[in-house]
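Before any comments, here is the structure.
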Amino acid sequence: MRTILFVGLLSISWLLHGQGFDVVIKNGKVIDGSGNSWYYGDVGISRGKITFIGKKEHYDAKKILDAKGLIVAPGFIDVHAHIEGGEVAVPTADNFIFDGVTSVVTGNCGGSNLEIDYYFKRIDSVKTSINIATLIGHNTVRRAVLGEANRQPTQEEQHRMDALVESAMKDGAVGLSTGLIYVPGTYAKTEEVVALAKVASTYQGVYTSHIRDEGDQVHDAVREAISIGRQANIPVEISHFKVTYKPNWGRSIETIGLIESARLEGLDVTIDQYPYVASSTTLDTTLPTWVFSGGRDSLRLRLNDPPTRKKIKDEMLDGLKKKKLKNYSYAQVARYAPDTTFNGKNISEINKLKGRKAKAIDEAETILEMITAINRTQMVYFSMDEKDLIRILQYPFNMIASDAGIVKFGSGMPHPRAYGTNARVLGRYVREQNVIRLEEAIRRMTSLPAQKFNLRDRGLLREGMAADIVVFNEQTVGDAATYTNPHAYSTGFSYVIVNGEMVVENGTHTGVRSGQVLKGPGGK
663 MRTILFVGLL SISWLLHGQG FDVVIKNGKV IDGSGNSWYY GDVGISRGKI
713 TFIGKKEHYD AKKILDAKGL IVAPGFIDVH AHIEGGEVAV PTADNFIFDG
763 VTSVVTGNCG GSNLEIDYYF KRIDSVKTSI NIATLIGHNT VRRAVLGEAN
813 RQPTQEEQHR MDALVESAMK DGAVGLSTGL IYVPGTYAKT EEVVALAKVA
863 STYQGVYTSH IRDEGDQVHD AVREAISIGR QANIPVEISH FKVTYKPNWG
913 RSIETIGLIE SARLEGLDVT IDQYPYVASS TTLDTTLPTW VFSGGRDSLR
963 LRLNDPPTRK KIKDEMLDGL KKKKLKNYSY AQVARYAPDT TFNGKNISEI
1013 NKLKGRKAKA IDEAETILEM ITAINRTQMV YFSMDEKDLI RILQYPFNMI
1063 ASDAGIVKFG SGMPHPRAYG TNARVLGRYV REQNVIRLEE AIRRMTSLPA
1113 QKFNLRDRGL LREGMAADIV VFNEQTVGDA ATYTNPHAYS TGFSYVIVNG
1163 EMVVENGTHT GVRSGQVLKG PGGK
């Protein structure tokens, strides 16, 4: 037994401290992801792992990178992504890679692949430049069992949903996500979600939520997410934490207080955030959710019935009044397939192009026509205040996440967060405004998300950890994407290494696709 133990320790020592390296990064300011201060050091990489951190005079290495004047940090982990479909269309994931992201968690807001094992096999066959973990989406599960029905599940239907979540967790999902503002998740009561969260908890999963409301009812919505965590005994992550529309500006003091109270109670509740004052979701969210019950055919029947159509528009206008908005100029089209000239224009502008009066009732009619024409129109909504954004950004248990997908460069008018989320934090809020320290920002992008989502060999620069590493210039790093010109890669990233392979070298994507599937604790 002692001989076997000695040989095992010897092999580990050889792996970690052997003289030969695939890559050595020299002379950089190392920020290890823990939140501690930077230090000067070298990082050695062998066979996809970090095998040395320290200082030597000479190295036996296939490649040596001089990082003098640059920051060396763990690769960033984006815990709130929506990459389904994009990983096949653009497997190099350039918009993430050029923003320093080496791993993403997808399947958020209740929408995911249903068969996680098949999804992971597809990722393995495609081969991507980023690592990918996924949640199992409540909306996806509910739709598979109840369709678009606006009712509560029977006991048998609840058991079927439980089984789907259990299967996903066994296949390696990292948790359960909800989108309680979206159909059909919005029809679910808290008890339904608690039951599913209990299943995910059994496999050490996380519960993430796009909560029911981020405006007038945000207090109740945050409390519901916390309550689900308490009842299901599961860690909670509240997605893209914010307060929306002017009547609610300033209420981040209240919502952060709810998170802090939950943590003092002993509940593992954290949040994530993108650093922009505009959100992005579908045009459907401007309509009352009951309109979509029963699916698209039922929607068309309602819209073709004049009294029902009028009722829908009346409720839309009432929603505007509650938000203290005069019209829909705050809603900008990101992608409208039937007429791409609408991309980048707001609803008020599109309404004018249609020759209608500049009235909210006419703009509501324009929205109904657009929704009838296509299943999904992606929008950008200008609804937040930067004071709230900064207050939330300063909260220590808050991660940086894009809420974005893999985008094809030049296609449509996506939210700029798809390109510049991390670089914007590092440039605007760290370097220019000194909102948080650089080391703290990197902790929020690396070790905090790795810890929360059980990515146990990621998020820190430590010997034996996976070699996901970014090297960037703290003086030049920044976002270039804007709302009017969103297709622009972030600047300042010299090198990006994923599982020991060079994906970005001297600021250029090498085409290497060394990403891996990242499974949760329940995965086989």
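Just so you know, we're using the working numbering here: the sequence shown kicks off at 663 and counts up by one.
Cβ coordinates follow ideal geometry from the N, Cα and C atoms, glycine included.
When only Cα atoms are considered, E1125 and V836 end up about 25 angstroms apart.
Contact between the stretch 996-1006 and the stretch 965-975 is absent: fewer than 3 CB-CB pairs across the two stretches fall below 8 angstroms.
Bridge pairing for R1118: absent [DSSP]. In this structure, DSSP gives E1163 an extended state, which the three-state scheme calls strand.
In this structure G928 is exposed. Its beta-carbon is surrounded by fewer than 16 other beta-carbon atoms within 10 angstroms. 8 angstroms or more divides the Cβ of I890 from the Cβ of A862.
With fewer than 16 other beta carbons inside 10 angstroms of its own, N1096 counts as exposed.
Close CB contacts of N1161 within its chain, under the 8 angstroms cut and outside five residues either way in sequence, are with G710, N793, A1128, A1129, D1130, S1176, G1177 and Q1178 (chain order).
Judged by DSSP secondary structure, A795 falls within the beta strand (DSSP E) whose first and last residues are N793 to T796. Between the stretch 1059-1066 and the stretch 929-938, the count of C-beta pairs closer than 8 angstroms reaches three or more; the two stretches touch. Look at the beta carbons and you see the stretch 753-763 touching the stretch 734-745: at least three pairs across the two are nearer than 8 angstroms. In this chain, the alpha helix (DSSP H) harbouring M1032 covers A1022 to A1035.
In the three-state reduction of the DSSP assignment, M1127 falls in the coil class, being assigned neither a helical nor a strand state. Straight through space, the alpha carbons of H1077 and I1104 are spaced by roughly 23 angstroms.
In this structure the stretch 1130-1150 lies against the stretch 1078-1089, because at least three pairs of beta carbons, one per stretch, are closer than 8 angstroms. T764 sits in a strand when the DSSP states are folded into three classes. With respect to Y990, I974 sits apart: the two C-beta atoms are not nearer than 8 angstroms. Shortest Cα-Cα distance from D756 to any of E1167, K1070 and D833 involves K1070.
According to the DSSP assignment, L842 belongs to no beta strand (DSSP E), since it is labelled neither H nor E. Contact between T944 and Q1040 holds: their C-beta atoms lie close to 6 angstroms from each other, under 8 angstroms. When C-alpha distances from E886 are compared across N910, A1150, L842 and K904, the shortest belongs to L842. Under the DSSP definition of a beta bridge, Y849 lacks any partner. Distance from S871 to I900 at the Cβ level is roughly 6 angstroms; contact confirmed, criterion being Cβ atoms closer than 8 angstroms.
Beta-bridge partners of M1061 (DSSP): D934. Under the DSSP definition of a beta bridge, L727 partners with I687. Excluding its 5 nearest sequence neighbours in each direction, R925 has C-beta neighbours in its own chain below 8 angstroms: V931 and F1059, listed in chain order. Taken in chain order, the complete alpha helix (DSSP H) segments of 4 residues or longer contained in the stretch 911-970 are 914-927 and 958-965. Within the stretch 741-786, complete alpha helix (DSSP H) segments of at least 4 residues are found at 748-751 and 756-759, given in chain order. By the beta-carbon neighbour count (other beta carbons within 10 angstroms, threshold 16), Y780 is exposed. Bridge partners of E899 according to DSSP: T870 and T932.
The residue from H1171, T790, T796 and F782 with its alpha-carbon nearest to that of T768 is T796. DSSP places S1152 outside both helix and strand once states are collapsed to three, so it counts as coil. For D824, the uninterrupted alpha helix (DSSP H) segment begins and ends at Q817 to K832. Within the same chain, and ignoring the five residues on either side of F1134 in sequence, the residues whose Cβ sits closer than 7 angstroms to its Cβ are L732, I733, G762, G1154, F1155 and S1156. V898 sits close to Y869, with the two beta carbons spaced by under 8 angstroms.
Taking 8 angstroms as the cut-off, the Cβ atoms of T906 and G877 count as close.
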